[in-house]
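Oh and the sequence shown: position 189 is 190 in this note's numbering, straight run, nothing missing.
The beta carbon of each residue, even a glycine, is placed where N, CA and C say it ideally should be.
Just so it is clear, the structure is predicted and the values come from calculations on it, not from any experiment.
One structure below.
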Amino acid sequence: MNKKKVIATILIIIAVGLLVAGGILIYQNYSNKNRIVTSFNELKTALTETFNLSSTEEGTSPIKQTVTGTMTLNINPLLGNSSDGSDVIIGNLNNSAFNYEYRLDTAEKKMYLNGSLLLNATEIMGVNFYQAEDISYIFLRNIFDRYIMIEDNDIFSYLDNNNLTTDDINYIYDKITESLGNNITKEDIIVSNEDGTKKISLKLSQERLNEISEAIVEDLKKDEKTQEIIGNTLNNLEAASSNETDTTTNSESSISYSIYLEKNDIVTYEFTVDDGTDNYSIIFNTGNEKSIAIEENGTETLKGVITNNDNSTTIELSSNNINIGNITISDNNFSLNIIDESTGAALTATLTSSTENNVITTTFNMGMTSSGVNLDFISLTDVKTVTENIADFSNINTTNNIDVNSLTETDITTIENNLMTILYNFMGITI
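So this is what it looks like as structure tokens:
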């Protein structure tokens, strides 16, 4: 091979090498950024599967129903003290009941609530709330003798914005993730290796976070379907983003989102907030041991190891590697058990709900176990009957009303005095 061919061959090899190296560098920068962005969908899936979160599609069909029920409370009288009057309050609570009737027709944009607080079977205070399209009427029984009218109070628009289907939520989530991917840069990404595990971090200063938040809101506002789904909520997001920008930023504060990979599989997600002095992290592990932990300045303060069994989820709790109890969630039931291993004392709480025909019974209990003795603190029971496809508003008469802006100082004083009288009597306080 002559000298010219040798030089040409060397130049070609160098050029190819530079192209390959440059390509690898560009790919790595893009790949790390892309991996962070795509991880948000993996995080959503991991949380749904780990905590057995329902992904059932919720319909947006109109709701028409009437609900009637009674709620009662029972507090252990031993918790009361005659010296501070808490025994009187507890006694009155135990002799009270809250009766309610709730009617809703979203197609007609009407809603009605009749609530009554009874003490020894006698009403001491009641409320009638009626919503007709964008006008609210509030009547406070035994407090004020007229309906208070509030115009341009469109509760149903708020309800519509909070009645999103699973597809709606996924669409908005995907648009936010897409916008995030378009607005972060490789300078926002930090890559490191910790004990053989690759760590990719998206780290944003307060100023940079504000910039990206504004950009995401602007992108959402440009999307027609997003406008249809969440509408005016975008304006609230824009206002919140603007207010955040106007505040003085701490140049040392930052927020980080990190993923830890083994090969290309994510085994840990981590969110960290650093205010320049202290940092707080939430760490979600999805490896062989599924867990969620809270760290403060690198020290684990609370950890929950998660186990799924059929339709239930159990979370074993620990603090500084010491067992402190567990949480169990199944269907509509919830239980909490906090243990002090040094004394054997335990705090327990349960929430159960059962349905028979159209009657739903919900019970909450909290108590303590010490030296083998059980002491109930509080129990709450709610029994309600749900009647579908019936919501009658024909007997509601709000003609005796006053606009909230027309209330006089005398009216406001009357409301305040009557309300305080009821509360003082309930607490056993003599005025």
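When rounded, the separation of the alpha-carbon atoms in Asp189 and Ala47 is 25 angstroms. Arg147 sits in coil when the DSSP states are folded into three classes, being neither helix nor strand.
If you keep only unbroken alpha helix (DSSP H) runs of at least 4 residues inside the segment 26-107, you get 87-95. The bridge partners DSSP lists for Thr123 are Leu120.
Across the structure, Asn390 and Val68 are spaced so that their CA atoms are roughly 11 angstroms apart. Between Lys204 and Ser257, the CB-CB gap stays under 9 angstroms.
When the five nearest sequence neighbours on each side are left out, the beta carbons in the same chain lying within less than 8 angstroms of the beta carbon of Ile213 are those of Leu181, Asn184, Ile185 and Leu205, in order along the chain. The three-state reading of DSSP puts Phe394 in coil, since its state is none of H, G, I, E or B. In this structure Val89 is in contact with Gly429, their Cβ atoms being roughly 3 angstroms apart against a cut-off of 8 angstroms. Listed in chain order, the non-local C-beta contacts of Ile91 below 7 angstroms within the same chain comprise Ile76, Pro78, Leu80 and Gly81, local neighbours out to five positions each way being set aside. When rounded, the separation of the alpha-carbon atoms in Leu74 and Phe145 is 27 angstroms.
Following the DSSP letters along the chain, one finds Gly305 inside the beta strand (DSSP E) bounded by residues Thr300 to Asn310. In this structure, the straight-line span from the alpha carbon of Gly368 to that of Ser193 is close to 48 angstroms.
Among the bridge pairs identified by DSSP, Phe130 is matched with Leu114 and Ile139.
Around Asn402, the same chain offers Tyr138, Arg147, Tyr148, Ile149 and Met150 as residues with beta carbons nearer than 8 angstroms, after the five sequence neighbours per side are excluded. Contact between Tyr113 and Tyr131 holds: their C-beta atoms lie close to 5 angstroms from each other, under 8 angstroms.
CA-CA distance, Ala347 to Asn366, rounds to 14 angstroms.
DSSP places Gly326 outside any alpha helix (DSSP H); the residue lies instead in the beta strand (DSSP E), whose first and last residues are Ile323 to Ser331.
Secondary structure within the segment 181-209: not one fully enclosed alpha helix (DSSP H) run of 4 or more consecutive residues is present.
Contact between Thr353 and Asn334 holds, since their C-beta atoms are separated by about 5 angstroms, short of 8 angstroms. Taken through DSSP and simplified to helix, strand or coil, Ile413 comes out as helix. Per the Cβ contact rule, the segment 298-307 is in contact with the segment 318-332 (3 or more Cβ pairs under 8 angstroms). Short of 6 angstroms from the beta carbon of Ile330, and not among the five residues preceding or following it, lie these beta carbons of its own chain, in chain order: Thr314.
Distances from the CA of Val360 to each of Asn312, Ser343 and Thr386 were compared; the closest alpha carbon is that of Thr386. As a beta-bridge residue in DSSP terms, Phe285 pairs with Tyr270 and Ile293.
Secondary structure at Thr344: coil, using DSSP grouped into helix, strand and coil. Here Leu408 carries a coil assignment [DSSP, helix/strand/coil].
Taking one beta carbon from each stretch, the segment 404-421 and the segment 163-179 have fewer than 3 pairs nearer than 8 angstroms; the two do not touch. If you draw a 10 Å sphere on the C-beta of Lys291, you find 16 or more other C-beta atoms in it, and that means buried. In this structure, DSSP gives Ile430 a state outside helix and strand, which the three-state scheme calls coil. Pairing Leu94 with Leu120, the inter-Cα distance amounts to about 8 angstroms. Closest in alpha carbon position to Arg104, among Ser407, Phe41, Asn406 and Ile397, is Ile397.
DSSP links Met421 through a beta bridge to no other residue. Judged by DSSP secondary structure, Glu225 falls within the alpha helix (DSSP H) whose first and last residues are Glu225 to Ile231.
In the three-state reduction of the DSSP assignment, Asn359 falls in the coil class, being assigned neither a helical nor a strand state. Contact annotation: Thr198 and Val306 have beta-carbon atoms that are not nearer than 9 angstroms.
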